[in-house]
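A short write-up of the structure that comes next.
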Amino acid sequence: MSTPYGTDDPTGAAAQRHLQASAHRHMWLHFTRMSSYAEGDMPVIVRGSGQYVYDDRGKRYLDGLSGLFVSQVGHGRAELAEAAARQATELAYFPLWSYAHPRAIELAERLAALAPGDLNRVFFTTSGSEAVESAWKLAKQYFKTIGQPGRYKVISREIAYHGTSMGALAITGLPGIKEPFEPLPPGGVRVPNTNFYRAPDFVAGDLEAFGIWAADEIERAILREGPESVAAVFLEPVQNSGGCFPPPPGYFPRVREICNRYGVLLVSDEVICAFGRLGYFFGSQRYGYQPDIITFAKGVTSGYSPLGGMMVSDALMEPFGAGYADSGGFESPRHVGHAEGPGRSGTATFLHGVTFAGHPVSCAVALANLDVFEKEDLLGNVRSHEAGFRATLEKLRDLPIVGDVRGDGYFYGIELVKDKTTRETFSDEESERLLRGFLSPALFDAGLICRADDRGDPVIQLSPPLTCTQEHFDEIEQILRSVLTEAWSQL
Ligand SMILES: Cc1ncc(COP(=O)(O)O)c(C=O)c1O
10 MSTPYGTDDP TGAAAQRHLQ ASAHRHMWLH FTRMSSYAEG DMPVIVRGSG
60 QYVYDDRGKR YLDGLSGLFV SQVGHGRAEL AEAAARQATE LAYFPLWSYA
110 HPRAIELAER LAALAPGDLN RVFFTTSGSE AVESAWKLAK QYFKTIGQPG
160 RYKVISREIA YHGTSMGALA ITGLPGIKEP FEPLPPGGVR VPNTNFYRAP
210 DFVAGDLEAF GIWAADEIER AILREGPESV AAVFLEPVQN SGGCFPPPPG
260 YFPRVREICN RYGVLLVSDE VICAFGRLGY FFGSQRYGYQ PDIITFAKGV
310 TSGYSPLGGM MVSDALMEPF GAGYADSGGF ESPRHVGHAE GPGRSGTATF
360 LHGVTFAGHP VSCAVALANL DVFEKEDLLG NVRSHEAGFR ATLEKLRDLP
410 IVGDVRGDGY FYGIELVKDK TTRETFSDEE SERLLRGFLS PALFDAGLIC
460 RADDRGDPVI QLSPPLTCTQ EHFDEIEQIL RSVLTEAWSQ L
């Protein structure tokens, strides 16, 4: 084998050394304490196939996190790569600034048909942060345009992650990753999340009452801030950060009611929860609520090319000219306080855009990705196997370190505790030693890609490709069982 520097290298060892040296010299990994690689190698993943990826030494890993909640259809799909190549040959790039191109149009139409209710317009971006940023900007400009200029605040939940750009970070509820960048844009307001495992005493043990309390906290925040100042509520269908908090029954219907009552937009941040993660194209469909805006990214292309976006109703686009088309099904806006009636389309311009948004190659890949969803009935696969996934992970509850197992679809968090009876969590020092010091490297060494996260209480997060079946759940369970047992013995 010939390496980049011309050495004959039959085992690939010299090529690996070269990559490591280069990586140590030039790479800056995201959200990574680079000093932790000062002495050791950086993991280098070189290829993927199905539910597995392989490192530069040829070692195989079960991709229990779909990369980063992305690889819905799994790795190594030639049809997606071919769609990208075809599109790059035909039209590699053209902006969505004043122009459209066929793949973006086709994808927008297809997404509109899949999305819940009247979400009929797609504003493309390249990432989830940009999608969230765009949704907040749209909410602000929308309210200014319809004569409610005081509405700029956004309500979101504690520990929720909504992205890293300044606006998205202001919506994010993780103080630790915000602090270095303060002051952030004003207007971010936090409310409790739906972690039932750590519910306050007065609603502990009553899931429904907990859900209503958590939803009503949003109303209390709106009233505290002044309804005339609140633009939007940003919620994930299942909150990822903190370890998969599904919504209690009644939560979203109540939130919808509250948003309607105060004329506040409900943004469903589905950067993780769309495209089959919960067994539906959109997470809001699983829980039966109608958002005003859905933000998406990640799984829309299964990562074969970057893409994100937001879907909005024609009603929300009306001040920006939605009524110019003979849309037939145009409906009255459901938002209290909307200034213009149907048919009185505005002429404002949404003053926002990014060069690579709705990239033709990414849109072609997204269309091919949706073809795979349909051809292989991936939503059906998740729905028919999710009970098995849950039951398999639930087996881990017999371990003393496992406090809670929670999630829906193919999206789970396992909360680790020091004492199961009291639910006592680990100190910062223990968490550092347990998660960063032991669990993350041990799980990787054992051949499982997942995430050990302590941005809230310590959790292990799982989000495998939607093609997984029982054999993969068993493999995940066996690896977790052995590594968590070892972790407990080291405490
Ligand atoms: C709910 C949610 N919103 C937004 C983002 C930001 O997406 P991106 O990393 O593509 O900018 C993420 C990323 O994980 C996310 O989980």
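With my numbering applied, the sequence shown covers 10 to 500.
We put the beta carbon where it would ideally sit given N, CA and C, even for glycine.
Predicted model, so just to flag it, every value in this text is computed and none were measured.
Beta-bridge pairing of residue i - partner residues as DSSP gives them
i       : result
Glu-424 : Asp-413 and Val-468
Leu-123 : Beta-bridge pairing links Leu-123 to no other residue.
Ile-458 : Asp-72
His-84  : Gly-59
Lys-162 : Val-239
Asp-278 : Thr-304
Ser-322 : Leu-128
Phe-254 : Gln-248
Phe-133 : Gly-318
Arg-199 : Ser-165
Ile-186 : DSSP lists no partner for Ile-186.
Glu-433 : Asp-428
Asp-64  : Ile-54
Residue nearest to residue i in terms of C-alpha spacing, selected from the options
i       : options                               : result
Ala-400 : Leu-387, Gly-272, Val-414 and Leu-408 : Val-414
Ala-144 : Thr-154, Arg-112 and Ala-241          : Ala-241
Ile-302 : Met-326, Glu-88 and Ser-311           : Met-326
Arg-501 : Gly-196, Pro-201 and Gly-137          : The structure shown has nothing for residue 501, since the chain only spans 10 to 500.
Ser-322 : Ile-180, Asn-129, Val-370 and Ser-371 : Asn-129
Val-363 : Ser-136, Gly-76 and Phe-290           : Ser-136
Ser-449 : Gln-96, Leu-74, Phe-243 and Pro-474   : Leu-74
Asp-64  : Gly-288, Asp-454 and Gly-252          : Asp-454
Cys-296 : Ser-311, Met-320, Gly-318 and Arg-263 : The amino acid at residue 296 is misidentified as Cys; the sequence shows Tyr. The shortest Cα separation from Tyr-296 among Ser-311, Met-320, Gly-318 and Arg-263 belongs to Arg-263.
Gly-176 : Gly-159, Gln-81 and Leu-147           : Leu-147
Leu-408 : Thr-434, Glu-495 and Gln-25           : Glu-495
Arg-207 : Thr-98, Ser-472, Lys-429 and Gln-499  : Lys-429
Arg-199 : Ala-213, Val-381, His-33 and Pro-184  : Pro-184
Leu-493 : Glu-480, Leu-402, Ala-124 and Ser-436 : Leu-402
Arg-464 : Arg-69, Gly-389, Gly-76 and Ser-250   : Ser-250
Gly-76  : Ala-109, Glu-383, Arg-460 and Thr-476 : Arg-460
Phe-420 : Ala-117, Leu-287 and Gly-330          : Leu-287
Ala-324 : Tyr-61, Ile-155, Pro-369 and Glu-484  : Ile-155
Met-51  : Ala-30, Val-62 and Phe-40             : Ala-30
Ala-93  : Gly-126, Ala-396, Val-273 and Val-370 : Val-370
Trp-222 : Pro-236, Arg-445 and Pro-257          : Pro-257
Ser-138 : Pro-125, Ala-179, Thr-431 and Ala-117 : Ala-179
Buried/exposed call for residue i, threshold 16 Cβ in 10 Å
i       : result
Gly-285 : buried
Pro-19  : exposed
Asp-462 : buried
Gly-49  : exposed
Ser-336 : Because Ser-336 sits at a pLDDT of 38, beneath the cut-off of 50, its placement in the model cannot be relied upon, and the point is left open.
Lys-162 : buried
Tyr-102 : exposed
Ile-231 : buried
Leu-120 : buried
Asp-210 : exposed
Glu-228 : buried
Asp-417 : buried
Leu-379 : buried
Ser-341 : At Ser-341 the pLDDT is 34, less than 50, meaning the model places this residue with poor confidence; the figure from the coordinates comes in the next sentence. Exposed is the call here.
Lys-68  : exposed
Ile-114 : exposed
Phe-398 : buried
Arg-265 : buried
Pro-189 : exposed
Pro-195 : exposed
Arg-86  : buried
Glu-99  : exposed
Thr-431 : exposed
Phe-339 : Confidence in Phe-339 is poor, its pLDDT being 31 and thus under 50, which makes the residue's placement too unreliable to answer from.
Lys-427 : buried
Ala-47  : exposed
Distance between beta carbons of residue j and residue i, contact taken as under 8 Å
i       : j       : result
Ala-140 : Thr-356 : 25 Å between Cβ atoms; not a contact.
Leu-316 : Pro-300 : No, Leu-316 and Pro-300 are not in contact; Cβ-Cβ is about 19 Å, not under 8 Å.
Ala-56  : Ala-373 : For the record, residue 56 in the displayed sequence is Arg; it is not Ala. Contact doesn't hold; Cβ gap of about 22 Å is too wide.
Ala-224 : Tyr-260 : 5 Å
His-35  : Ser-58  : That pair is no contact at about 28 Å.
Trp-497 : Ile-410 : 5 Å
Leu-28  : Val-53  : 6 Å
Ser-440 : Pro-467 : 5 Å
Gln-470 : Gly-308 : Not a contact, Cβ separation roughly 15 Å.
Ala-375 : Thr-310 : 5 Å
Glu-486 : Leu-405 : 7 Å
Phe-359 : Gln-499 : Not confirmed; about 54 Å, so no contact.
Ala-306 : Val-273 : Ala-306 to Val-273, Cβ: 23 Å. No contact.
Beta carbon proximity, residue i to chain B, threshold 8 Å
i       : result
Asp-466 : Included in the structure is just one protein chain, with no chain B present.
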